[in-house]
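Counting in my numbering, the sequence shown runs from 1 upward without gaps. Every residue, glycine too, gets a C-beta built ideally from N, C-alpha and C. Since this is a predicted model, take the numbers as computed values, not measurements.
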Amino acid sequence: MAQLMDGKAVAARVRAEVKAAVDRLQREHGLTPGLAVVRVGEDPASKVYVNGKKKAAEEVGFNSWELHPAEDITQDALLKLIHQLNEDPAVHGILVQLPLPRHIDPDVIISAVKPEKDADGFHPLNAGNLLLGRPATRACTPFGVMRLLEEIGCEPAGKRAVVVGRSNIVGKPMALMLLQKNATVTICHSKSDLRREVEGADILVVAVGVAELVKGAWIKPGAVVIDVGMNRKPDGKLVGDVEFAPAAERAAYITPVPGGVGPMTIAMLMRNTLEAAERTLR
Ligand code: NDP
Numbered sequence: 001m002a003q004l005m006d007g008k009a010v011a012a013r014v015r016a017e018v019k020a021a022v023d024r025l026q027r028e029h030g031l032t033p034g035l036a037v038v039r040v041g042e043d044p045a046s047k048v049y050v051n052g053k054k055k056a057a058e059e060v061g062f063n064s065w066e067l068h069p070a071e072d073i074t075q076d077a078l079l080k081l082i083h084q085l086n087e088d089p090a091v092h093g094i095l096v097q098l099p100l101p102r103h104i105d106p107d108v109i110i111s112a113v114k115p116e117k118d119a120d121g122f123h124p125l126n127a128g129n130l131l132l133g134r135p136a137t138r139a140c141t142p143f144g145v146m147r148l149l150e151e152i153g154c155e156p157a158g159k160r161a162v163v164v165g166r167s168n169i170v171g172k173p174m175a176l177m178l179l180q181k182n183a184t185v186t187i188c189h190s191k192s193d194l195r196r197e198v199e200g201a202d203i204l205v206v207a208v209g210v211a212e213l214v215k216g217a218w219i220k221p222g223a224v225v226i227d228v229g230m231n232r233k234p235d236g237k238l239v240g241d242v243e244f245a246p247a248a249e250r251a252a253y254i255t256p257v258p259g260g261v262g263p264m265t266i267a268m269l270m271r272n273t274l275e276a277a278e279r280t281l282r
């Protein structure tokens, strides 16, 4: 039976580390990191996510601001807001909560955030630097997954890592971070022979958004299984992309949903913002 990877507990440790660093920054440099979160319109899920981020920011001692323009804000007006945040020295990290309304191009907005203030690690410069193996602000969710692997002493070098999903915010950066740690990485997507690839995975990360897509019987005995997916079933239950109970019977470690990757994403956002503030001292 697999051991649970307790993302809630690890995330609390990461936040405590960030808080200790914030105390030090304030004491030694009079600097308080600032995080600005932009939430456009009334997407209910975005509201929940942003509240979680604001709460974490307050807990670690950041200044935090939520900017909440209306759904019908024009792209130009949103760009103007981003430029203001870019120029504000109290703001070290900027996060634009996705999805944006349809009339706004997320690529344009993400590219407008100054790369050094890009708390999410989505800016093309940060994504490109990750690809090149250079220092970069890392996308929070895969960065959190790497920390979870570290916590259980899982060393990716030489292991077969399979990442299911190739989005720019989870799957691709996840694959690159595992590659950087010398795993042999396979990226799967909607055209892959999923079962065949999953069956060979020592480390499996699934980020698709389809409830229980990966069957427990496909899991290699002793694998480490990280389930990024968050899906609401008709009965209201939140489940991942992996069939949890049968997968847990075969895996060595598995993340629960909820309480696995989700809390780590927020914790790594705090870490990225802290590092952005620290960089202003150099
Ligand atoms: P996207 O919708 O951007 O990407 C989904 C990926 O899954 C695509 O690459 C798609 O392939 C692939 N896919 C779809 N169907 C299949 C299939 N049948 N077999 C194999 N691959 C398939 O999703 P995100 O990366 O943004 O998010 C994925 C999940 O992770 C969602 O449930 C989301 O809610 C969750 N999430 C959780 C976070 C957390 O903090 N816990 C943070 C971010 C996301 P193709 O490219 O071929 O279309």
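Requested in this report: Determine contact between the region 35-44 and the region 90-99, defined as no fewer than three beta-carbon pairs at a distance below 8 Å.
Outcome: yes
Requested in this report: Compare the beta carbon distance of Val261 and Cys154 with 9 Å and say whether it is the shorter of the two.
Outcome: Your numbering for residue 261 matches position 261 in the sequence shown. Your numbering for residue 154 matches position 154 in the sequence shown. No. Outside cutoff.
Query raised in the report: Closer than 8 Å: is that where the CB of Gly259 sits relative to any heavy atom of the ligand NDP?
Result: As a first step, residue 259 is located in the sequence shown; it is residue number 259 there, counting from the start. Outside the cutoff, so no.
Requested in this report: Could you have a look at Cys140 and say whether DSSP puts it in helix, strand or coil?
Outcome: Taking the first residue of the sequence shown as position 1, residue 140 is located at position 140. Of the three classes helix, strand and coil, the one that applies to Cys140 here is helix, per DSSP.
Requested in this report: Could you spell out the range, first to last residue, of the alpha helix (DSSP H) harbouring Arg134?
Outcome: What you label residue 134 is simply residue 134 of the sequence shown in a count that begins at 1. Premise fails: Arg134 is in no alpha helix (DSSP H) and is neither H nor E.
Report task. Please confirm whether any heavy atom of the ligand NDP lies closer than 8 Å to the CB of Asp241. Result -> Your numbering for residue 241 matches position 241 in the sequence shown. Yes, since a heavy atom of the ligand NDP falls inside the 8 Å radius drawn around the Cβ of Asp241.
Query raised in the report: If we count the other Cβ atoms within 10 Å of its Cβ and call it buried at 16 or more, is Glu212 buried or exposed?
Result: Taking the first residue of the sequence shown as 1, we reach residue 212 at position 212. Buried: at least 16 other Cβ atoms inside 10 Å.
Report task. For Leu100, collect the residues of the same chain with a Cβ closer than 7 Å to its Cβ; drop the 5 residues on either side in sequence, then sort them by chain order. Result -> Counting from 1 along the sequence shown, the entry for residue 100 is found at position 100. Only Val40, Pro106, Ile109 meet the Cβ criterion.
**Report entry** Nearest-angstrom Cα separation, counted from Lys117 out to His189
**Finding:** Taking the first residue of the sequence shown as 1, we reach residue 189 at position 189. Taking the first residue of the sequence shown as 1, we reach residue 117 at position 117. For His189 and Lys117, the distance between alpha carbons rounds to 31 Å.
**Report entry** Own chain, CB closer than 8 Å to Ser167, minus 5 neighbours either side, in chain order
**Finding:** For this step, residue 167 is matched to residue 167 along the sequence shown. So the qualifying residues of the chain are Ala207.
Requested in this report: Take every Cβ of the region 123-140, pair it with every Cβ of the region 160-178, and state whether three or more of those distances are shorter than 8 Å.
Outcome: yes
Query raised in the report: Among Glu59, Ile254, Val242, Lys54, which one has its Cα closest to the Cα of Leu67?
Result: Stepping through the sequence shown from its first residue, residue 67 is reached at position 67. Of the listed residues, the one whose Cα sits closest to Leu67 is Lys54.
Query raised in the report: Ordered along the chain, which non-local residues of its own chain (more than five positions away) have a Cβ less than 6 Å from that of Pro258?
Result: Indexing the sequence shown from 1 puts residue 258 at position 258. For Pro258, where only same-chain residues beyond five positions count, the Cβ hits under 6 Å are Leu238.
Query raised in the report: What's the gap between the Cα of Met264 and the Cα of Ala139?
Result: The sequence position of residue 264 within the sequence shown is 264, counting from 1. The sequence position of residue 139 within the sequence shown is 139, counting from 1. Going from the Cα of Met264 to the Cα of Ala139 covers about 11 Å.
**Report entry** CB of Thr255 within 9 Å of CB of Asp227, strictly
**Finding:** Your numbering for residue 255 matches position 255 in the sequence shown. Your numbering for residue 227 matches position 227 in the sequence shown. Result yes, Cβ atoms of Thr255 and Asp227 sit closer than 9 Å.
Query - Inter-residue spacing [alpha-carbon to alpha-carbon] between Val50 and Ala70 - result: Here residue 50 refers to the residue found at position 50 of the sequence shown. Here residue 70 refers to the residue found at position 70 of the sequence shown. Distance between the alpha carbons of Val50 and Ala70 is about 15 Å.
Query raised in the report: What is the DSSP secondary structure of Leu149, reduced to helix, strand or coil?
Result: By one-based count along the sequence shown, residue 149 stands at place 149. Correct three-state label for Leu149: helix.
Query raised in the report: What's the call for Gly222, buried or exposed, on a 16-neighbour Cβ count within 10 Å?
Result: For the purposes of this step, residue 222 is identified with residue 222 of the sequence shown, where counting begins at 1. Result: exposed.
**Report entry** Contact set for Ala136: own chain, Cβ-Cβ below 6 Å, skip 5 residues either direction
**Finding:** Counting from one through the sequence shown, the residue named residue 136 turns up at place 136. For Ala136, where only same-chain residues beyond five positions count, the Cβ hits under 6 Å are Asn126, Asn129, Leu130.
Requested in this report: Would you give the residue range spanned by the alpha helix (DSSP H) that Ser167 belongs to?
Outcome: Indexing the sequence shown from 1 puts residue 167 at position 167. Neither: Ser167 is in no alpha helix (DSSP H) and is coded neither H nor E.
**Report entry** Ranges of the beta strand (DSSP E) found wholly within the region 198-275, counting only runs of at least 3
**Finding:** 203-206, 224-227
Requested in this report: From the DSSP output, in three-state form, read off Glu66 for me.
Outcome: Start at 1 with the first residue of the sequence shown, and residue 66 comes out as number 66. The answer is strand: DSSP assigns Glu66 an E or B state.
Query raised in the report: Under three-state DSSP, which class holds Ile94?
Result: For the purposes of this step, residue 94 is taken as the residue at position 94 of the sequence shown. Looking at Ile94 - three-state DSSP - the assignment turns out to be strand.
Requested in this report: Going by DSSP, name the residue or residues bridged to Ile187.
Outcome: Indexing the sequence shown from 1 puts residue 187 at position 187. DSSP output for Ile187 lists Val163 as bridge partner(s).
Query raised in the report: Cβ of Gly171 within 8 Å of any heavy atom in the ligand NDP?
Result: Stepping through the sequence shown from its first residue, residue 171 is reached at position 171. Yes.
Query raised in the report: With respect to the alpha helix (DSSP H) encompassing Ala11, which residues constitute its N-terminal and C-terminal limits?
Result: On the sequence shown, residue 11 is found 11 positions in, with the first residue counted as 1. That run of the alpha helix (DSSP H) goes 7-29.
Query - Per-residue DSSP class, three states only, for Ala36 - result: Residue 36 sits at position 36 when you count from the first residue of the sequence shown. If DSSP states are grouped into helix, strand and coil, Ala36 belongs with the strands.
Query raised in the report: At which residues does the alpha helix (DSSP H) containing Pro44 begin and terminate?
Result: Residue mapping note: residue 44 aligns to position 44 of the sequence shown, counting from 1. Unbroken alpha helix (DSSP H) run through Pro44: 44-59.
Query - CA-to-CA distance, Val145 to Val242, given in whole angstroms - result: Position 242 of the sequence shown, counted from the first residue, corresponds to residue 242. Position 145 of the sequence shown, counted from the first residue, corresponds to residue 145. Looking at the two C-alpha atoms, the distance is approximately 16 Å.
Requested in this report: Please check the pair Ala161 and Val185, which I expect to be a contact at CB under 8 Å, by giving their CB distance rounded to whole angstroms.
Outcome: Within the sequence shown, numbered from 1, the residue matching residue 161 stands at position 161. Within the sequence shown, numbered from 1, the residue matching residue 185 stands at position 185. Correct: roughly 5 Å between the Cβ atoms.
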